[in-house]
Every structure is written in C-alpha cells, then in structure tokens.
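Numbering (my numbering), first residue to last: 346 to 764.
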C-alpha cells in the first residue's frame, strides 16, 4: 500500500551561509516539486555550529515560513549531512532465503544486518549503499526480486561521516520543533540524483560540487562512491575580491560572479553594472569584472585540478555541479586546465532547476528506495490538511473564474442595451 499512495517529503540542508528546504510530492511514479526555499543563516562555520540557539531559531523560521506557503505544517524532514570526514566500509551480507524466492524483505534484512557492523569511532553510518547482488553464482546490480535461490549475497558499502557533526546537526534540527525522519550524505545524494553510478562502471567520474566556502571532490568508480575530499575554497574567494575592489552590495556581487563573468565576450567594455558611491555614479564593464577576479579564479581552479590530476590522468571525466555550476566562466577555465571531458549538471525537474539543490533532490530518491524496500507509508506533513487546502484553492480559483465570466457577460449585456 505504501508504494502506491501519494507521499510528500521534505529535505533540509544546513550550510555556512544558508538553510535550504525542498518539498516534493511523490505521485504516479515521479516527484513533483512543491517548494524550493532558501533562508540566510550565519550560525555555521567550517561545518561546525557556532551558535546552536541562533541556528535553531533560523531553522524554525525557515520551517514556519515554508509551512505557511504550502498550507500545512512540516512535521518531519530528511536531513542532508555533509560528507566531512567521509569513510567507506565495504562488506558482504549473506541472507538465507527461507521461501526459496527472493523477496524485498530479504534484501531489507541484508541491509539491516549490515548496519550492525562496527565502524571507526570518529564516524557514524549515514547511508548503506547496495553495490551488487550475487544470486546462484551470478553477480547483478539489478534487484533480484522473485529469483529462485536458497541464499543471496549482498555487497554493501557503508557510507559514513563525522559522528559529532551528524549528532550536532540532528539535534539542532530537532530542537527547532521538527523530527528528523532520516539522514542522507550530500555527495551520495548528488551522485544518486544525477544517475552517475551506472555511468561510472566504465569510466571514473569526479564530481566537483562547488559551494560558497568549500568544494567537494567525490570520486565515483565501478559503481561506487570511493572517496570524498573537501577543499576549503569556493565562490567566496571571488565574491570577496570583488567586494574589496568595488564595494557594492553582496547579493549583487553573487549575481555578477555567477552570470556576468565572461572571458570570451566580444564587447568587454560594455557596462554591465552601475551604482552610486558617495553621490558619484560608477559603472563596471565586463573587462573590469573579469580582471578583478582573474587571480582568485586561477587559484581556485588550479587547486581543484591539482587534487584531481592523478585521477584525470587515468581517463576520468569531471561533472561540475553545486552553485559554482552557474558560473559558466569557471567551467570553461576548469575544462581548459584539466584537459579532460568536463560537463555541468543541474536537476532538470521543473521547480528545482538549480544545481545547489541537487543534494536535496537526491535525498528524495535515496529515501524512496528505503520506502519501496520496506513498504513504508510516510509523509513529512499533514497530508489530509494539505489535500484539503489544495482542494479549497481549486474551488476558489474555479469560483473566481466563473464569477468573472458571469460579470463580463452581464457587462456585455448592459452595454448592448439588454437586446
């Protein structure tokens, strides 16, 4: 039953500069995005919570505002966990198939057994990832449901992250008044949403997820998330350089960095921004913008390519995502310096076509697998209240439309003299 009815999920991600929320409805085999929201916060620094009370208040504000917009209270969320101190523990779980026919509960049992494995004390298991199955001596990545056999071997990677960060993030979210339904590793969620695991079977892939203050470098190979390294550099190095040079509003700088830097412009002296500074009107051209960040963009790209170079030399390709994906010039620079295949990625679903929401969207697919495997029926909001609100909106909209039509017909009748 849980597999067929409509379910609504809410995912939340905490970062150094903002809180992101994504509300999605699973219906008729696909997700429909209801809301994608972002709210400012300054309570996290280098993945550590600097002010729990402030962050809790910011989360509560984000939850309440989003709840008001969708017309139903958000009661629980799936929390995105940063892949800080990432570790992977591969294992093989053996399950006796008592019925002689593989069922989903047999696979669920294998996964459940794997979670009893002891891992290093400084990390905790965030997501168990099924890599492949072995049934009747044959390896397969496809779920072997309804296969005839007496036992099944399941290769599982336990994906882990820093235990203190996991506990701190979960506790601060729950202190804001919502329950944490599940957790998902951000780099795993990105790879899951972008369907990169199958693609990595024949060729290694490096996911370069560029944010404001840090960049994640994740290696996928042979259908596995092999490693994740964090570089503490990102768009902020470019943003700060422009701020020091021109002293213009921060939000405007972000837009200029992401959409206006252009090293191939045919008209580099065209004005792209104007502002007033102490009563004097000033202007910025494409050339001025390009020159102001030439050094930091070189430093950032060189840093990333240096770390990726040993893998690139084996024939790996790069997938660029995160907020940095929106900066076309950065992708062009990385492609030239890396001398390998470089692609950019963002979700193509209407309502979430923003690369900085890729991990949030990916958590829906991770959790959906769990729902199907365990036949769960879970909603992150009061579904009855939400559905009644939607029904009422449709009635109101239809009523307004009919009323408008009647008024127009009556007006036309009067103007014609009632004939």
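Here a beta-carbon is modelled for each residue, glycine too, at the ideal position from N, C-alpha and C.
| query | result |
| --- | --- |
| Quick one: what's got a C-beta closer than 7 Å to residue 360's C-beta in the same chain, skipping five residues either side? | 389 and 556 |
| If we ignore side chains and look at the alpha-carbon of each, how far apart do residue 525 and residue 418 end up? | 14 Å |
| Could you name each continuous beta strand (DSSP E) segment of 3 residues or more that falls completely within the segment 553 to 594, going from the start of the chain to the end? | 560 to 566 and 569 to 576 |
| Could you check if residue 683 is buried or exposed, using at least 16 other CB atoms within 10 Å of its CB as the buried criterion? | buried |
| Between residue 464 and residue 498, which are expected to be in contact by the criterion C-beta below 8 Å, what is the C-beta distance as a whole number of angstroms? | In fact, because the Cβ distance is near 21 Å, the residues do not count as touching under 8 Å. |
| Is residue 440 close to the ligand MN? I mean its beta-carbon at under 7 Å from any heavy atom of the ligand. | This structure lacks the ligand MN; in fact it carries no ligand of any kind. |
| So residue 667 and residue 554 are in contact, right, with Cβ under 8 Å, and what is the actual spacing, rounded? | 4 Å |
| With residue 367 as the anchor, note down where its alpha helix (DSSP H) starts and where it stops. | Note, residue 367: premise wrong, no alpha helix (DSSP H); beta strand (DSSP E) at 363 to 372. |
| Taking the alpha carbon of residue 373 as the point to measure from, which residue in 597, 489 and 350 has its own alpha carbon closest? | 350 |
| With burial defined as no fewer than 16 other Cβ atoms inside 10 Å of the residue's Cβ, what is the status of residue 560: buried or exposed? | buried |
| Which of the three DSSP states is assigned to residue 471 in this structure? | strand |
| Would residue 532 and residue 428 be called neighbours here (beta carbons separated by less than 8 Å)? | yes |
| Which class does residue 673 belong to by DSSP, given the choice of helix, strand or coil? | helix |
| To the nearest angstrom, how far is the alpha carbon of residue 436 from that of residue 630? | 56 Å |
| Any idea which residues DSSP pairs residue 478 with across the strands? | 485 and 499 |
| Report, in whole angstroms, the separation of the C-beta atoms of residue 353 and residue 656, which I expect to be a contact under 8 Å. | Incorrect: roughly 39 Å between the Cβ atoms, too far for contact. |
| Give the DSSP-derived three-state secondary structure of residue 431 in the structure shown. | coil |
| Can you list, in chain order, the residues of its chain with a C-beta nearer than 6 Å to that of residue 680? Leave out the 5 residues immediately preceding and following it. | 687 |
| Is the distance from the Cβ of residue 534 to the Cβ of residue 690 below 8 Å? | no |
| Using 10 angstroms around the beta-carbon of residue 594, count the other beta-carbons present and answer buried if the total reaches 16, otherwise exposed. | exposed |
| Ignoring anything shorter than 4 residues or poking outside the segment 617 to 686, list the alpha helix (DSSP H) runs there in chain order. | 631 to 637, 639 to 657 and 673 to 683 |
| Rounded to whole angstroms, what is the Cα-Cα separation between residue 587 and residue 461? | 50 Å |
| Within 10 Å of its beta-carbon, does residue 616 have 16 or more other beta-carbons around it, so buried, or fewer, so exposed? | exposed |
| Could you check whether residue 369 and residue 357 sit closer than 8 Å to each other, using their CB atoms as the reference points? | no |
| Express the C-alpha separation of residue 486 and residue 446 in angstroms, rounding to a whole number. | 18 Å |
| Given that a residue counts as buried once 16 or more other Cβ atoms are within 10 Å of its Cβ, and exposed if not, what is residue 567? | exposed |
| Where does residue 439 fall in DSSP's three states? | strand |
| Report the partner residues of residue 511 according to the DSSP bridge assignment. | Answer by DSSP bridge pairing: none, since residue 511 is not bridged. |
| Where DSSP assigns a beta bridge to residue 704, which residues make up the other side? | Its beta-bridge partners do not exist; DSSP assigns none. |
| Return the first residue and the last residue of the alpha helix (DSSP H) that residue 451 is part of. | 449 to 459 |
| Would you say residue 674 and residue 608 are within 8 Å of each other, going by their C-beta atoms? | yes |
| Which term fits residue 704, buried or exposed, when burial requires 16 or more other beta carbons within 10 angstroms of its beta carbon? | buried |
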